[in-house]
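Visitor: Following the numbering used here, the numbering of the sequence shown begins with 1333 at its first residue and continues without gaps. Glycine included, every Cβ here is placed at the ideal spot set by N, Cα and C. As the structure is a prediction and not an experimental result, all values here were calculated from the model. Once you've had a glance at the structure underneath, I'll fire off some questions.
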Amino acid sequence: MKVLCFGSLNIDYTYRVDHFVGKGETLAAESLQVFSGGKGLNQAIALAHAGAETWMAGAVGEDGRFLLEELAAADVRTDHVSILQQVRTGNAIIQNDKTGDNCILLYGGANRAVTEAQADAALGHFGAGDWLLLQNEINQLPYIMRQAHARGMKIAFNPSPMEARVLDFPLEYVDLFLLNRVEAAQLAGQDGAADDLLRVLREQFPGAAVVLTLGEQGAVYADSEQTIRQAAYPAEAVDTTAAGDTFTGFFLASLLRGEGVPQAMERAARAAAIAVTRRGAAPSIPTLAELRTHSA
């Protein structure tokens, strides 16, 4: 099995600040760093670093060619990434405060210029049993989901950033949801404890498994047969930007290798704990070899 990550590719402008800027406030940043990012790119690199055979699909502007070089350096195939002449690459303005938390402002750019023809061309290279990993930072998602389902692909969906239109997507085709607590509450249509959210989501989507990440409280996996809990590994966080993307990539890569859910959850938790100790999005994602070193 192989995996196609059809998603966003961004240029991340990360500002180090004392605190998040408030309404009407002008705040001087302590530093500015420019990183590769986008949830699609981050998750594709996490998949490849975790050992999965990974392809990336999406779009960048001419200013984003270096993103393809970074993907290639991580052994991600970029055959299905379009380079557009009239649109800038998507970007993110990230505030990173002294506690390691972040807030993010997104500009879609080329990520919102995906066409049905591009989707057909990319999906045409995949078939039954292959995985499609999606986030919510590109256009054409309903079309991509329907076409992937028709081809017999398995669909993993991380609906981030979550918004109301996601509820109109053909979510019945999703095999695996990867959610944080806020996304789970929005998708479930109610707030509540993690177990309550999982119960509601499993009732809404009986054919899908759900992974709920809970930050310092760890993560929980639930499907029709089992519920598995994973504690978070302690880490001194300096930047949490790509922690969820790292978890997603390592979890799915473990499943692709035929490993059990408990091992996949444990490996994903350890990878995320390493990622938060490093600055940047994609540059913070560890490799499988690093995980083995840290567990030695």
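Please report the Cβ distance between S1492 and N1468, rounded to the nearest whole angstrom; I am assuming they are in contact, meaning their Cβ atoms lie under 8 angstroms.
Guide: 6 angstroms
Visitor: Cβ atoms of A1445 and V1419: under 7 angstroms apart, would you say?
Guide: yes
Visitor: Taking only three categories from DSSP, how would you classify T1625?
Guide: In the structure shown, T1625 sits in a helix (DSSP, three-state: H, G or I).
Visitor: Rounded C-beta distance between A1391 and L1364? I'm assuming under 8 angstroms.
Guide: A1391 to L1364, Cβ: 25 angstroms. No contact.
Visitor: Within 10 angstroms of its Cβ, does H1351 collect 16 or more other Cβ (buried), or is it exposed?
Guide: Counting C-beta atoms within 10 angstroms of its own C-beta, H1351 has fewer than 16 neighbours from the protein chains shown and is therefore classed as exposed.
Visitor: Please name the residue, chosen from D1411, N1428 and A1378, that lies closest to F1353 on a Cα-to-Cα basis.
Guide: Correcting the residue type first, residue 1353 is Val in the shown sequence and not Phe. Checked all of D1411, N1428 and A1378; the closest Cα to V1353 is N1428.
Visitor: Pick out the complete beta strand (DSSP E) segments inside the stretch 1375-1457, 3 residues or longer, and give them in chain order.
Guide: If we require 3 residues or more, the beta strand (DSSP E) runs fully inside the stretch 1375-1457 come out as 1386-1393, 1409-1416, 1422-1428 and 1434-1439.
Visitor: Taking its Cβ as the centre, do 16 or more other Cβ atoms sit within 10 Å of F1579, making it buried, or is it exposed?
Guide: By the 16-neighbour rule on beta-carbons within 10 angstroms, F1579 is buried.
Visitor: Indicate whether A1382 and F1509 have their beta-carbon atoms separated by less than 7 angstroms.
Guide: no
Visitor: To the nearest angstrom, how far is the alpha carbon of E1622 from that of Y1347?
Guide: One C-alpha to the other measures close to 27 angstroms.
Visitor: Quick one: Cα of H1626 to Cα of G1432, how far?
Guide: Approximately 21 angstroms, taken between the alpha carbons.
Visitor: What separation, rounded to the nearest whole angstrom, lies between the Cα atoms of S1616 and Y1439?
Guide: 22 angstroms
Visitor: With a cut-off of 8 angstroms on the beta carbons, I'd call A1525 and A1541 a contact; round off their distance for me.
Guide: Not confirmed; about 19 angstroms, so no contact.
Visitor: Should V1552 be labelled buried (16 or more other beta-carbon atoms within 10 Å of its own) or exposed?
Guide: buried
Visitor: Give the straight-line distance between the Cα atoms of A1585 and A1480, rounded to the nearest whole angstrom.
Guide: 19 angstroms
Visitor: Could you pull the DSSP bridge partners for S1363 from this structure?
Guide: R1348
Visitor: How is the beta strand (DSSP E) around R1561 delimited, first residue to last?
Guide: Residues T1559 to Q1562.
Visitor: For I1476, count the other beta carbons within 10 Å of its own beta carbon; 16 or more makes it buried, fewer makes it exposed. Which is it?
Guide: buried
Visitor: Residues in the same chain with beta-carbon distance under 7 angstroms from L1588, minus the five sequence neighbours each way, listed in chain order, please.
Guide: Result list for L1588: M1333, V1335, A1384 and W1463, in chain order.
Visitor: Among I1436, K1430 and I1377, which one has its Cα closest to the Cα of R1409?
Guide: Per the Cα distances, I1377.
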